[in-house]
């Protein structure tokens with residue numbers, strides 16, 4: 113059983129939790145939206161720790177009370193009941209302690225955010241673009257299963273199908289905390305549709321998952337942004353191709369360029385492009401944070417290095433291998449249909465083990 117320092121930490125956080133609760137009902141705080149959002153975020157993050165801590169405290173108290181009965185009670189029946197209670201509680205305590213230790217480690221502050229996902233066909237020409245399309249379909253199916261919402265920001269189709277590049281936003285609770293493990297290079301081994309000799313080729317596509325910056329994360333100076341409009345291309349009918357509804361934004365100080373042509377409305381495209389620009393600027397700083405973490409410990413989240421091969425999809429063997437955790441499954445069609453939760457769970461378990469190790 114853990115020493116009472118674990119309980120002391122939880123009791124210390126209880127005071128902070130109560131203080132935040134009081135501040136959130138203060139009219140002065142409510143009128144300051146930026147402060148209110150920040151405090152509410154802290155309050156929500158503390159809630160599961162406080163709940164787990166209260167359950168643990170009750171279990172420890174029950175265990176000590178049963179121990180006291182065994183030591184001091186003469187009634188054999190009561191002593192027997194206390195022994196049974198202790199035997200029931202004892203195996204639960206280490207698991208609860210481990211869970212609380214994990215909850216006490218500060219979570220990545222980005223985990224609760226929406227995500228911007230970018231898939232690019234890499235080496236392999238037409239086949240790489242087709243594979244990028246397969247990955248987009250896989251994520252679309254997974255997002256649908258999770259009940260999240262997806263919005264495509266921009267896309268550039270491949271000559272033989274799929275995408276040279278596609279960028280989309282995923283909206284939902286804790287999206288980035290789940291999808292962040294998908295960042296990196298995904299490699300495919302199969303006979304391409306364009307291959308006449310039946311030979312297996314290796315192609316690749318890169319996936320970048322970024323936490324979406326909200327308006328409180330970064331302040332943009334509109335004087336630093338050049339706005340260009342152009343005609344949208346691709347599916348969408350006549351009006352898409354004949355009106356200047358597509359938007360390209362260039363952030364002059366950093367040289368970052370984003371564009372959006374998904375909506376028929378120029379205003380909607382502008383809002384989407386601005387949100388993506390804010391995210392990309394924010395992520396220049398966030399990448400420094402990721403690099404700092406990976407220097408201290410092994411991390412399951414790629415730091416954006418496009419040479420980091422994270423997963424191989426082998427079609428002849430119907431095999432998926434995640435190289436970070438040596439995880440292999442032999443049911444590729446199901447995986448490509450969006451059934452990717454198991455590998456994401458395994459990556460999170462491995463990441464949590466590393467976080468605990470680093471905290472100790």
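Numbering (the numbering used here), first residue to last: 113 to 472. From the three backbone atoms N, C-alpha and C, an ideal C-beta is built for every residue, glycine too. Note that the coordinates shown come from a computational prediction; the quantities given were computed from them, not determined experimentally.
Query                                                                                                                                                                      : Result
By how many angstroms is the C-alpha of residue 447 removed from the C-alpha of residue 370?                                                                               : 31 Å
Quick test of the definition: if touching needs 3 or more C-beta pairs under 8 Å, does the segment 186–204 touch the segment 215–225?                                      : no
Since residue 130 and residue 265 are thought to touch, with beta carbons under 8 Å apart, how far apart are those beta carbons, to the nearest angstrom?                  : The Cβ separation is near 42 Å, so there is no contact.
Can you tell me whether DSSP reads residue 302 as helix, strand or coil?                                                                                                   : strand
Tell me the start and end of each unbroken beta strand (DSSP E) in the segment 238–306 that is at least 3 residues and wholly inside, in chain order.                      : 261–269, 275–283, 296–302
If I follow the unbroken beta strand (DSSP E) through residue 227, where does it start and stop?                                                                           : 227–233
Can you look up residue 454 in the DSSP assignment and give me helix, strand or coil?                                                                                      : helix
With 16 as the cutoff for other CB atoms within 10 Å, does residue 134 come out buried or exposed?                                                                         : exposed
State the CB to CB distance for the pair residue 214 and residue 468, rounded to an integer number of angstroms; the pair is presumed to be in contact (CB under 8 Å).     : 6 Å
At a cut of 8 Å, does the segment 268–284 reach the segment 309–316 through at least three beta carbon pairs?                                                              : no
Kindly indicate which three-state DSSP category residue 425 falls into: helix, strand or coil?                                                                             : strand
For residue 371, which residues does DSSP report across the bridge?                                                                                                        : 360
Between the beta-carbon of residue 362 and the beta-carbon of residue 390, is there less than 8 Å?                                                                         : no
How would you call residue 184, buried or exposed, if buried means at least 16 neighbouring beta carbons within 10 angstroms?                                              : exposed
Counting beta carbon pairs with one atom in the segment 285–300 and one in the segment 423–435, are three or more of them shorter than 8 Å?                                : yes
Taking the alpha-carbon positions, what's the residue 351 to residue 376 distance?                                                                                         : With a pLDDT of 44 at residue 351, under the threshold of 50, the modelled position of that residue is not reliable, and the figure given next carries that caveat. Roughly 8 Å separates the two Cα atoms.
Let me know if residue 324 comes out buried or exposed under the rule of 16 or more other beta-carbons within 10 Å of its beta-carbon.                                     : buried
Rounded to a whole number of angstroms, what is the C-alpha to C-alpha distance between residue 466 and residue 388?                                                       : 31 Å
How far does the alpha helix (DSSP H) with residue 198 in it extend, from its first residue to its last?                                                                   : 188–201
If you reduce the DSSP assignment to three classes, tell me which class residue 160 lands in.                                                                              : helix
To the nearest angstrom, how far is it from the Cα of residue 441 to the Cα of residue 379?                                                                                : 45 Å
If you measure between the beta carbons of residue 456 and residue 293, is that distance less than 8 Å?                                                                    : yes
Roughly how many angstroms lie between the CA atoms of residue 269 and residue 171, to the nearest whole one?                                                              : 58 Å
What does the Cβ neighbour count give for residue 173, buried or exposed, with the cut at 16 atoms within 10 Å?                                                            : exposed
With DSSP as the reference, please indicate the residues paired to residue 439 in a beta bridge.                                                                           : 434
Exposed or buried, what is residue 149 when buried is set at 16 or more other beta-carbons lying within 10 Å of its beta-carbon?                                           : exposed
Can you tell me which residues form a DSSP beta bridge with residue 322?                                                                                                   : 228
Return the CA-CA distance between residue 140 and residue 127, expressed in angstroms with no decimal places.                                                              : 21 Å
Could you please give the first and the last residue of the uninterrupted beta strand (DSSP E) stretch that includes residue 337?                                          : 337–342
Which of helix, strand or coil does DSSP assign to residue 366?                                                                                                            : coil
For residue 235, which residues of its own chain have a beta-carbon under 6 Å away from its beta-carbon, when the five flanking residues on both sides are left out?       : 316
Which residues in the same chain as residue 178 place their Cβ atom closer than 7 Å to its Cβ, once the five residues preceding and following it in sequence are excluded? : 194, 197, 198
Could you please give me the residues that DSSP links to residue 316 through a beta bridge?                                                                                : 299
In the structure shown, what three-state DSSP assignment does residue 184 receive?                                                                                         : helix
Secondary structure at residue 142, three-state DSSP: helix, strand or coil?                                                                                               : helix
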